[in-house]
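Presented below is the structure to which this report refers.
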Amino acid sequence: MFRNLLLTIFALAAPAFLQAQAVTPNAQAAAPVQATHPPVVLPPQAVQPVASDAPVITIHGICPKGDATTLEKSDSCSLVLTRAQFESMVSSMNMTNQPYTPPALRGFATGYATLLALAGAGEKEGVDKDPRFQELMQMARTRALAESYRRHLQEKFGNPPQEEIEQYYQQNLSKFEQVRIERIQIPKVNPKRPQEKRPEFEKKARQLATDLRERAAHGEDITSLQVEAYVSLGLAMQPPQTELPVSPRPTFLPNVEQDIKALKPGEVTKVEIESSGFNIYKLRGRTMLTLDQAKPQIVREISQQKVDAALQSATSGVRPDLNEQYFNPRVNGGVQPTRPPARMLPPGAVQSNRPNTTATPSGAPVPATPSSPPK
7 MFRNLLLTIF
17 ALAAPAFLQA
27 QAVTPNAQAA
37 APVQATHPPV
47 VLPPQAVQPV
57 ASDAPVITIH
67 GICPKGDATT
77 LEKSDSCSLV
87 LTRAQFESMV
97 SSMNMTNQPY
107 TPPALRGFAT
117 GYATLLALAG
127 AGEKEGVDKD
137 PRFQELMQMA
147 RTRALAESYR
157 RHLQEKFGNP
167 PQEEIEQYYQ
177 QNLSKFEQVR
187 IERIQIPKVN
197 PKRPQEKRPE
207 FEKKARQLAT
217 DLRERAAHGE
227 DITSLQVEAY
237 VSLGLAMQPP
247 QTELPVSPRP
257 TFLPNVEQDI
267 KALKPGEVTK
277 VEIESSGFNI
287 YKLRGRTMLT
297 LDQAKPQIVR
307 EISQQKVDAA
317 LQSATSGVRP
327 DLNEQYFNPR
337 VNGGVQPTRP
347 PARMLPPGAV
357 QSNRPNTTAT
367 PSGAPVPATP
377 SSPPK
């Protein structure tokens with residue numbers, strides 16, 4: 007029982023553990039990269055792959071006692087996990103469908119051995135009889151069940167039928183249009199000195215935008231016009247890139263989107279007045295993704311829509327009502343947050359804001375060991 011709880015907690019803490027390993031300077035585990043379905047992606051094997059029944063973890067000093075859920079510490083036996091057993095455990099505990107790198111799996115295995123040792127010590131001390139343990143077990147089960155349900159939905163809806171994919175493609179053709187657009191950006195104010203001569207700067211920028219728009223419409227190079235705009239306004243900085251990314255497609259204001267949609271290749275919009283300044287867009291061309299090219303995106307979108315709908319159905323009608331007198335300390339009569347008691351200082355001592363340290367024989371300060379709280 008105690009071992010099962012630790013496995014549950016370890017499963018829930020695994021993503022955070024792996025991420026923490028990635029940001030620690032001397033970490034052994036790298037941060038996992040978010041992945042789509044299928045579930046856990048294990049790293050490629052070495053030139054000579056390890057057989058599925060070959061031991062990959064041998065934990066010395068830990069052995070089962072009685073049944074598989076009871077552990078004891080002993081130098082006379084060891085606990086062995088084969089590759090198949092270890093990968094099965096990792097897969098079942100991988101609530102977020104993340105691929106683990108070899109350093110992450112190494113840290114995972116080391117942490118598992120430590121948990122088993124602590125679990126055995128906890129059973130000896132009777133921690134599993136503590137009422138707080140039962141509450142923690144219930145909360146861990148609830149959270150694990152909720153996360154497992156999310157993963158179940160992702161697997162259930164992760165492979166929509168081909169007919170549904172084709173229907174989605176036909177009904178959303180505009181999503182799969184790739185548009186090559188160039189843009190000239192002319193700021194309304196001086197980016198380095200925004201409060202300096204604002205009316206004069208904006209008037210000059212507006213007139214410049216009108217002139218450059220006409221020249222762009224007659225086929226002049228957009229990049230050259232962008233450089234000229236910054237030179238004319240006296241902006242001693244690198245002008246922005248004119249070619250916008252094709253994927254992901256940029257989001258425009260509705261009126262700008264409508265103007266761009268009406269363009270034919272080679273045409274430019276009117277001067278668009280936006281928060282960033284006076285902008286001019288030129289359409290270079292349009293291409294349409296084929297069904298095969300768009301399929302990964304379609305599968306993700308169909309799957310996510312179905313998962314969201316199932317989660318909405320499961321949670322609709324369920325809402326918490328909170329007692330604001332308890333949860334909001336500003337409410338009159340509410341429960342005020344407790345503060346730890348003030349630390350008593352010896353007579354004549356002066357309170358210091360410096361960290362509590364002790365000196366080593368070499369004189370280098372190290373953090374003092376905190377004293378245990380009174381029982």
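In the numbering used here, the protein residues as written are 7 to 381.
For each residue, glycine too, the CB sits at the ideal point set by N, CA and C.
Counting every other CB atom within 10 Å of its CB across the protein chains shown gives residue 135 a total below 16, marking it as exposed.
DSSP, read as helix, strand or coil, puts residue 273 in coil. In the same chain as residue 312, and ignoring 5 residues on each side of it, the C-beta atoms closer than 6 angstroms to its own belong to 163, in chain order. In the three-state reduction of the DSSP assignment, residue 61 falls in the strand class, which pools E and B.
By the Cβ rule, the stretch 177-186 counts as touching the stretch 239-255, because three or more pairs are nearer than 8 angstroms.
Here residue 204 has 195 as same chain residues with Cβ atoms under 7 angstroms from its own Cβ, once five neighbours each way along the sequence are excluded.
Rounded to whole angstroms, the gap between the alpha carbons of residue 199 and residue 248 is 23 angstroms.
Cβ neighbours of residue 179 within its own chain (closer than 8 angstroms, five residues either side excluded): 294.
Taken in chain order, the complete alpha helix (DSSP H) segments of 4 residues or longer contained in the stretch 207-268 are 228-238 and 260-267. For residue 86, the beta-bridge partners assigned by DSSP are 64.
Each of 228, 121, 314 and 120 was checked against the Cα of residue 287, and the nearest Cα belongs to 228. In terms of Cβ geometry, residue 166 and residue 277 do not form a close pair [threshold 8 angstroms]. In the three-state reduction of the DSSP assignment, residue 170 falls in the helix class, which pools H, G and I. Residue 161 holds the alpha-carbon nearest to the alpha-carbon of residue 316 among 161, 207, 213 and 150. Residue 128 and residue 328 have their C-alpha atoms spaced approximately 36 angstroms apart.
Under the 10 Å beta carbon count, residue 219 is surrounded by 16 or more other beta carbons and is classified as buried. The beta carbon of residue 256 is closer than 7 angstroms to those of 250 in its chain, skipping five residues each way along the sequence. Annotation: residue 145 is outside any beta strand (DSSP E); the continuous alpha helix (DSSP H) that includes it extends over 137-162.
As far as DSSP is concerned, residue 324 takes part in no beta bridge.
Of the other Cβ atoms in all chains shown, 16 or more fall within 10 Å of the Cβ of residue 284; this residue is therefore buried.
Here the alpha carbon of residue 270 sits roughly 18 angstroms from the alpha carbon of residue 258. In the three-state DSSP reduction, residue 184 falls in the strand class (E or B).
Per DSSP, reduced to three states, the secondary structure at residue 191 is strand. Contact between residue 190 and residue 222 holds: CB atoms are separated by about 7 angstroms, below the 8 angstroms threshold. If you look at residue 131, you'll find it isn't in any beta strand (DSSP E); DSSP assigns it neither H nor E. In terms of Cβ geometry, residue 289 and residue 273 form a close pair [threshold 8 angstroms]. In the three-state reduction of the DSSP assignment, residue 95 falls in the helix class, which pools H, G and I.
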